[in-house]
Amino acid sequence: MSSSTKSTSPHVLITGSTSGIGWGLARGFAAKGYNVTLNGLAEPAQVEKLLGELRAEFGVQAWYSPANMMRAAEIRDMVLEAEKRGGLDVLVNNAGIQHVSPVEDFPDEKWDAITAINLSSVFHATKAAIPGMKARGFGRIINIASVHGLVASPFKSAYVAAKHGVIGFTKSIALELADTPLTCNAICPGYVRTPLVEGQISQQAKAHGISEERVIREVILAAQPKKEFIEIEALSEMALLLAGSAGKAITGVSMTLDGGWTAR
Ligand code: NAD
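With the working numbering as the guide, the letters of the sequence shown map in order to residues 1193 to 1456.
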């Protein structure tokens, strides 16, 4: 499909959308008629499968950017390419990774990767998206932060620092954009059962020598009073609310879907 295809349908770019929450959001937006640009680390066959699914199931246009969220120039080019596809209405900054370790053993390269992917990529993509959004008089920036942007857990220093940074950045951009039709908000999920969390479940089961079921109950969901994973569909609905007309007056906030975690 030509990268300059024009369309009247709204267009969303979702970083880190070849898996987990990002892919769920892509399906949620496509179901509402949005054309979608996917991004993430994936094999070509997997990318074709995902694009084919969006086109066939929802009848929307779908593209893919292989931009690495650790590289500023690739992020900027991804956004500018997306702009050419009939404009970019919604930017969802979602790509993220995790590493769990006591800070004194935390590998320097993991700190650098987490702060680059989870925080700096949000800056680079937002910076690149704003001029086009301003020129067209519409824009929604949605940052997938985390409950760890609001409260901390031990052994997740880089992730917690980066996610707190995302929330600070969100507020600052919301104020900068307040005299424009653009908005910038964060969504803060508690635990969602995605490959990122599956990795933590198996690591913790090994570390504690207990079953994965016990890890889910006693470790992963220990801080989440509702004791249920957050559903990706609920995150999609929240993102669509922020992207839609009701989202016009919502800016600079952190929408928390955490099963009661931060009520403690
Ligand atoms: P996931 O591992 O399923 O998906 C991560 C996505 O990011 C994948 O598409 C991956 O390819 C992409 N990605 C990773 N490194 C990249 C890079 N360098 N360049 C481009 N893409 C890259 O994870 P997820 O659980 O869906 O997490 C998505 C977001 O939601 C993250 O920001 C995460 O911090 C946040 N989050 C997740 C949970 C949860 O419980 N799963 C809770 C709160 C917040």
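Idealized CB from N, CA, C, for every residue including glycine.
Treat the numbers as computed from the prediction; the structure is a model and nothing was measured.
* Element boundaries [beta strand (DSSP E), containing residue 1362] -> From DSSP, residue 1362 is part of no beta strand (DSSP E) but of the alpha helix (DSSP H) over 1349-1368.
* Asked: Mind checking whether the beta-carbon of residue 1387 lies closer than 6 Å to any heavy atom of the ligand PLP?
  -> With respect to the ligand PLP, the structure shown offers nothing to examine, as its ligands consist of the ligand NAD.
* Beta carbon of residue 1374 nearer than 7 Å to that of residue 1439 -> no
* Using DSSP with H/G/I as helix, E/B as strand and the rest coil, what is residue 1434? -> helix
* Other residues of its chain near residue 1446: CB distance less than 6 Å, five sequence neighbours each side excluded -> Here the set comprises 1359, 1378 and 1380.
* To do: Please determine if the segment 1348-1365 and the segment 1397-1417 are in contact, where contact requires at least 3 C-beta pairs separated by less than 8 Å.
  => no
* To do: List the residues that DSSP assigns as beta-bridge partners of residue 1219.
  => Residue 1219 is not bridged to any residue.
* To do: Note down, in chain order, each residue of its chain lying with its Cβ closer than 7 Å to the Cβ of residue 1338, except the 5 sequence neighbours on either side.
  => Within the same chain, residue 1338 has close Cβ partners 1355, 1380 and 1381.
* Asked: Run through DSSP, which three-state label would residue 1233 get?
  -> coil
* Hey, residue 1389 and residue 1348: beta-carbon distance below 7 Å or not? -> No, they are not a contact pair.
* Pull up the distance between the alpha-carbon of residue 1217 and that of residue 1252, whole angstroms please. => 14 Å
* Asked: Run through DSSP, which three-state label would residue 1394 get?
  -> helix
* To do: Could you check if residue 1207 is buried or exposed, using at least 16 other CB atoms within 10 Å of its CB as the buried criterion?
  => buried
* At a Cβ threshold of 7 Å, is residue 1409 touching chain B? -> This model lacks chain B altogether; it includes just one protein chain.
* To do: Taking residue 1408 as the reference, give the member of 1258, 1425 and 1384 with the closest Cα.
  => 1384
* Who does residue 1385 pair with in a DSSP beta bridge? -> Looking at the DSSP output, residue 1385 shares a beta bridge with no other residue.
* Nearest neighbour of residue 1271, chosen from 1313, 1296 and 1299 [CA to CA] -> 1313
* Pull up the distance between the alpha-carbon of residue 1249 and that of residue 1211, whole angstroms please. => One Cα belongs to residue 1249, the other to residue 1211, and the distance between them is close to 17 Å.
* Is it buried or exposed for residue 1228, if we count other Cβ within 10 angstroms and need 16 for buried? -> buried
* **Closer than 6 Å: residue 1220 CB and nearest the ligand NAD heavy atom** => no
* **Cut-off 6 Å between Cβ atoms - residues of its own chain near residue 1435, not counting five sequence neighbours on either side** => In the same chain as residue 1435, and ignoring 5 residues on each side of it, the C-beta atoms closer than 6 Å to its own belong to 1282 and 1332, in chain order.
* **Other residues of its chain near residue 1431: CB distance less than 6 Å, five sequence neighbours each side excluded** => 1217 and 1334
* **Span of the beta strand (DSSP E) around residue 1254** => Boundaries of the beta strand (DSSP E) around residue 1254: 1254-1257.
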